[in-house]
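> In this note's numbering, the protein residues as written are 126 to 263. Have a look at this one.
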Amino acid sequence: MLHERLRRSTRPEGAPLPPIETLRRGEGSCRDIAVLFLAAARSQGFAGRFVSGYYAEPGNEGDFDLHAWSELYVPGGGWRGFDPTVGLAVAERHVSLAVGARPEQAAPVSGSFRGGGRSSMSAHVSISEAGAHAEAGS
């Protein structure tokens with residue numbers, strides 16, 4: 126339902142919005158929607174955690190951005206991933222980097238510095254199926 130009723134927005138920086146704010150706006154980034162999903166699941170008694178990583182959307186040949194989703198502990202089934210932003214159960218297209226009970230515990234990159242000067246960071250992410258390179262070289 127969250128996937129169907131909330132518009133996906135891009136907000137490259139900042140903490141997730143409170144769940145009530147995401148509902149009020151009718152839209153949110155993947156981390157906003159994951160936090161809303163966790164709040165709903167926890168209100169029903171499920172243990173949950175926030176996941177930060179990458180999602181290889183079908184048709185995306187590169188230029189991946191960080192993505193967020195949720196995991197719930199299902200009695201008898203263990204931890205199961207749910208991605209309310211794309212409306213899917215987590216499967217082979219999701220690559221997990223960090224997991225925590227709260228979003229700030231799952232920041233894949235964090236840090237600080239003091240003093241003057243400039244700082245920058247860049248990264249390139251490539252996602253491919255296991256064995257895809259070996260098959261291409263045969």
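C-beta atoms are modelled at their ideal positions from N, C-alpha and C, and glycine is treated no differently. Because the structure is a prediction, the values reported are computed rather than measured.
Would you decide whether P200 is buried or exposed? Buried here means 16 or more other CB atoms lie within 10 Å of its CB.
P200 comes out exposed.
> Measure the Cβ-Cβ separation of A216 and G225 and say whether it is below 8 Å.
In this structure, G225 does not lie closer than 8 Å to A216 by Cβ.
> Apart from the five residues on each side of it in sequence, which residues of its chain come closer than 7 Å, Cβ to Cβ, to S221?
Excluding sequence neighbours, S221 sits near V176 and G178.
> Once DSSP output is grouped into helix, strand and coil, what is the label at V160?
V160 falls in the helix class under three-state DSSP.
> When DSSP labels each residue in this structure, what does R136 get in the three-state scheme?
In the structure shown, R136 sits in coil (DSSP, three-state: anything other than H, G, I, E or B).
> Please name the residue in P209, H192, E182 and A172 whose C-alpha comes closest to that of G203.
Per the Cα distances, A172.
> Would you give the residue range spanned by the alpha helix (DSSP H) that L142 belongs to?
It is not in any alpha helix (DSSP H) - L142 carries neither H nor E in the DSSP assignment.
> Of the choices E129, L197, R133 and R130, whose alpha-carbon is the least far from that of S168?
Comparing Cα-Cα distances from S168 to each of E129, L197, R133 and R130, the minimum goes to L197.
> Please state whether the Cβ-Cβ distance between P137 and V160 is less than 8 Å.
No, these two residues do not count as a Cβ contact at 8 Å.
> In the structure shown, what three-state DSSP assignment does S168 receive?
Helix, per DSSP.
> Tell me which residue opens and which closes the beta strand (DSSP E) that L131 is part of.
Careful: L131 lies outside any beta strand (DSSP E) and carries neither H nor E.
> Within the continuous beta strand (DSSP E) that includes R227, where are the two ends?
Premise fails: R227 is in no beta strand (DSSP E) and is neither H nor E.
> Evaluate G153 with the Cβ neighbour count: other Cβ atoms within 10 Å of its Cβ, from every protein chain shown; 16 or more gives buried, anything less gives exposed.
G153 is buried by the Cβ-count criterion.
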